[in-house]
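Participant: Let me begin by handing over the structure; questions about it come next.
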Amino acid sequence: MTPCLAGRGYVRHWIDGRSLATQLRTQGPDTVETAMTRLRSLGSCLVMLHEKGETHGALNGEGAWMTRVGEHYLLGWQWALRQLHCPRQAADAAVGGDGARVAPGHRPMRDDGGRRRRRPTSSSSAR
37 MTPCLAGRGY VRHWIDGRSL ATQLRTQGPD TVETAMTRLR SLGSCLVMLH
87 EKGETHGALN GEGAWMTRVG EHYLLGWQWA LRQLHCPRQA ADAAVGGDGA
137 RVAPGHRPMR DDGGRRRRRP TSSSSAR
């Protein structure tokens, strides 16, 4: 058997539509009603993935697709790796770490419930 036939086969559903990014570039912004419909539909996809314990990559306008009949699809999530499958996270988990990583240039999530801690400045501390 040739190497290309020995692996797993992938059959994908044909999506007769276009990406959200293309839609916005060619037709301009959606109405509020249309944008909310899209967000609800794509959000439902994310909820389903999270409930099943699946991972997904970055969410962006190129990965959100719409068909001509109004169906919405999220693409690319099948290729995302679970954190434990990434070498650095797997090593952290082996020594008891939580495996959390933040992409360069992004701030980590705060554990203070989203409240910002205000540091006194020289002008505010003098009051």
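So for the sequence shown, the working numbering puts the first residue at 37; every next one is plus one.
C-beta atoms are modelled at their ideal positions from N, C-alpha and C, and glycine is treated no differently.
1. May I ask you to report which of helix, strand or coil DSSP gives residue 108?
2. Tell me whether residue 139 is buried or exposed, calling it buried when 16 or more other Cβ atoms sit within 10 Å of its Cβ.
3. When we look at the beta-carbon of residue 56 and count the other beta-carbons within 10 Å, is it buried (16 or more) or exposed?
4. What is the residue span of the alpha helix (DSSP H) that residue 103 lies within?
5. Report yes if the C-beta distance between residue 49 and residue 77 is below 8 Å; otherwise report no.
Facilitator: Taking the structure as given:
1. strand
2. Because the pLDDT at residue 139 is just 46, under 50, the model does not fix this residue reliably, and the point stays unresolved.
3. buried
4. From DSSP, residue 103 is part of no alpha helix (DSSP H) but of the beta strand (DSSP E) over 100–103.
5. no
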